[in-house]
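Asks: In the numbering used here, the protein residues as written are 1220 to 1653. Glycine residues also receive a C-beta, built at the ideal position from the N, C-alpha and C atoms.
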Ligand code: AMP
C-alpha cells in the first residue's frame, strides 16, 4: 500500500495542546470571574451565520467582508459565513429573542473562535479567539466608563500592567458625515503623496486613511483635521462625560484622535488597548459604541457598546509578563507494585478524584523506578507507593516529589495527609502581586 500523505491543520489555524491550554483556561476563568462581578451573562451564538449579517453590519466595503471572510453556499443555496467577529451575532440574537423587552440594559459576554483569511504571522491567525462583551439598551456614558474600568481590572488581574488605553470619539450620523467631507477635501490636497492603499481609501472610505500604518504616510496623516474638532454638541458632551467619569474611576487613558476602527458600525466612543510586550501586532483589544447597529439589522433603536479582546494575543502578553501561572497539573501519582496492589490503588485514586484532586496511576504493571520516572515527568506533586510491604502493614509510602522526602502514612489517612500538604491552596488560584 502506498504511504498515505499526512494531513496538516489548515494554514493560519493551530492546535492548542495541554499543558499550554492550562494558561488559556486560567485566563478565561479570570475573565469569567471579572465579567460576573460586573453582572454580565454569557451568550453562545453559532459560528455559522448568514453572510449578509456581516455585510450589513461590519460593512460591505470593509476588508473583513471583501477580502477576509470565509463564505460559502450551503447545499440549499443559502450564503453562509464563518463569523469574522461576534458583535453582529450578539445583536442579531438580541433582536431575534426580543431581549430588549426585558426593560433593562443587557450585559452579555462571549468567548469563542472567529475566522478571517488574513496573512498569518505571530499574533495573527485565520482562526483566532476572542473574549468580548456587549452592553445593549443604553447610550449612557457611564456604561462606557464601566466597561473600560472592567477591562482595566481584567488586565490587572492577568498581571498586564504596562498597557495603554487609547481613546477617541468617532462622532455619530450627525457630525461624522460633515467631518468626512472636511477630511476628503484635505485628502484631495495630498493627492499622489500617500501610499496606494490610502489613495484608494481616500475615495472609498476616507476615515480608514487615519488608520494607515505606512511609516512614510505618518507626517501627512498627522496634518489631517482631527475628528475631535468636528464633534456635534451631543457627541462632545458624551465624550466629556465619559472622560470625567474615567477620571473619577481612576482609569488612565490617552486621547487618540486618529483612532478609527476597522468596522463601519462604530459611533462615538472608540478605543483600543495596546501592550508593548507584543511585537508588531500590539493591539490586545478594541471596541466602541455602535448606536445604530440594531436598527441596521432590523431591530428597534438599541444603543450598544462592546469590545473584543484578541485571546491569542492576550495569552502571548500574559506569557511574556509571566505573572499568571497555568492551572496546576497533577497532584498525585499512584504507583502500585504487583497485581494485589491494583484494587487498593484504584480505590485510593477514586477517593482522591472525588475530592477534586488530579490523580494519575499506572495502567499496567511497572517497576517502581519506572513509575517514579513517569510521576516526575508528569510533574506530580506526590507519589503514593503501594507494594507488598505496604499492603501487609496497611501503611502506604507517600513521596514528596519536590523534596524527595518520603513518609509512611496509614492507608485511611492518605487523603488527610495530602490535604494538609496540598490542601485547599492546590486548587485556589495563584495570587498575583496586587
Ligand atoms: P477587531 O474585531 O478587528 O476589532 O479585533 C479585536 C481584537 O481581536 C484585536 O485587537 C486583536 O487582538 C484580535 N484580532 C483581530 N484579528 C485577529 C487575527 N487575525 N488573529 C489574532 N487576533 C486577531
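#1: Output the residue ranges of the alpha helix (DSSP H) runs that lie fully inside the stretch 1439-1524 and measure 4 residues or longer, sorted by chain position.
#2: For residue 1589, which of 1615, 1555 and 1221 has the nearest alpha-carbon?
#3: Name, in chain order, the residues that DSSP records as bridge partners for residue 1313.
#4: Please give me, in chain order, every unbroken run of the beta strand (DSSP E) with length at least 3 that falls completely inside the stretch 1237-1293.
#5: Unbroken beta strand (DSSP E) runs of length 3 or more, entirely within the stretch 1379-1423: which are they?
#6: Does DSSP classify residue 1591 as helix, strand or coil?
#7: Can you tell me the Cα-Cα spacing of residue 1413 and residue 1426, whole angstroms?
#8: Assuming residue 1238 contacts residue 1548 under a Cβ cut-off of 8 Å, what Cβ separation, rounded to an integer in Å, is found between them?
#9: Relative to the ligand AMP, is the shortest distance from any of its heavy atoms to the C-beta of residue 1374 smaller than 7 Å?
#10: Please decide whether residue 1528 counts as near chain D, where near means a Cβ-Cβ distance under 8 Å.
#11: Going by Cα to Cα distance, which pick from 1516, 1617 and 1228 is closest to residue 1315?
#12: Residue 1337: beta carbon under 7 Å from a heavy atom of the ligand AMP?
#13: May I ask you to list the residues that DSSP assigns as paired with residue 1579?
#14: For the alpha helix (DSSP H) that contains residue 1331, what are its first and last residues?
#15: Provide the residue span of the beta strand (DSSP E) that contains residue 1562, from first to last.
#16: Which same chain residues, not among the five before or five after residue 1370, have their C-beta less than 6 Å away from its C-beta?
#17: Thinking C-alpha only, which one of 1518, 1562, 1573 and 1584 is nearest residue 1317?
#18: Select from 1358, 1456, 1550 and 1368 the residue whose C-alpha is nearest the C-alpha of residue 1470.
#19: Thinking just about the alpha-carbon of each residue, which of 1347, 1280, 1511 and 1256 is nearest to the one in residue 1301?
#20: Since residue 1360 is in the alpha helix (DSSP H), which residue starts that stretch and which ends it?
#21: When you compare only the Cα positions, how much space is there between residue 1246 and residue 1598?
#22: What is the residue span of the alpha helix (DSSP H) that residue 1609 lies within?
#23: Throw me the rounded Cβ distance for the residue 1233 and residue 1389 pair, which I believe falls under 8 Å.
#24: Can you name the residues that DSSP bridges to residue 1585?
#25: Pull the bridge partners of residue 1529 from the DSSP assignment, please.
#26: If you measure from the CB of residue 1344, is any heavy atom of the ligand AMP nearer than 7 Å?
#27: Do you know whose CA, among 1573, 1559 and 1604, lies nearest residue 1580's CA?
#28: Ignore the nearest five residues each way along the sequence and tell me which others in residue 1550's own chain have a CB closer than 8 Å to its CB.
#29: What do you get for residue 1627, buried or exposed, if any count of 16 or more other CB atoms within 10 angstroms of its CB means buried?
#30: How about the stretch 1250-1266 and the stretch 1371-1385: do they share at least three Cβ pairs that are nearer than 8 Å?
#31: Using a 10 Å radius around the Cβ and a threshold of 16 neighbouring Cβ atoms, would you call residue 1463 buried or exposed?
#32: Any idea what DSSP makes of residue 1619, helix, strand or coil?
#33: Hey, out of 1244, 1230 and 1229, whose CA is closest to residue 1191's CA?
#34: Among 1494, 1534, 1299 and 1595, whose alpha-carbon lies nearest the alpha-carbon of residue 1622?
#35: Heavy atom of the ligand AMP less than 7 Å from the Cβ of residue 1504, yes or no?
Replies: Walking through what the data contain:
#1: 1452-1468 and 1512-1515
#2: 1555
#3: DSSP, once it has assigned bridges, lists no residue as partnering residue 1313.
#4: 1267-1269 and 1290-1292
#5: 1382-1388
#6: helix
#7: 14 Å
#8: 7 Å
#9: no
#10: No chain D appears in the structure shown, which is made up of a single protein chain.
#11: 1516
#12: yes
#13: 1552
#14: Looking at the DSSP string, residue 1331 is not in any alpha helix (DSSP H); the run it does join, the beta strand (DSSP E), is 1325-1334.
#15: No beta strand (DSSP E) contains residue 1562, which is instead part of the alpha helix (DSSP H) from 1561-1573.
#16: none
#17: 1518
#18: 1368
#19: 1347
#20: 1360-1376
#21: 21 Å
#22: 1607-1612
#23: Wrong, their Cβ atoms sit about 34 Å apart, outside the cutoff.
#24: BP columns for residue 1585 are empty, so no partner.
#25: 1349
#26: yes
#27: 1604
#28: 1571, 1576, 1577, 1578, 1599, 1600, 1601, 1637, 1641 and 1645
#29: exposed
#30: yes
#31: exposed
#32: strand
#33: With the chain running from 1220 to 1653 in the structure shown, residue 1191 is simply not present.
#34: 1595
#35: yes
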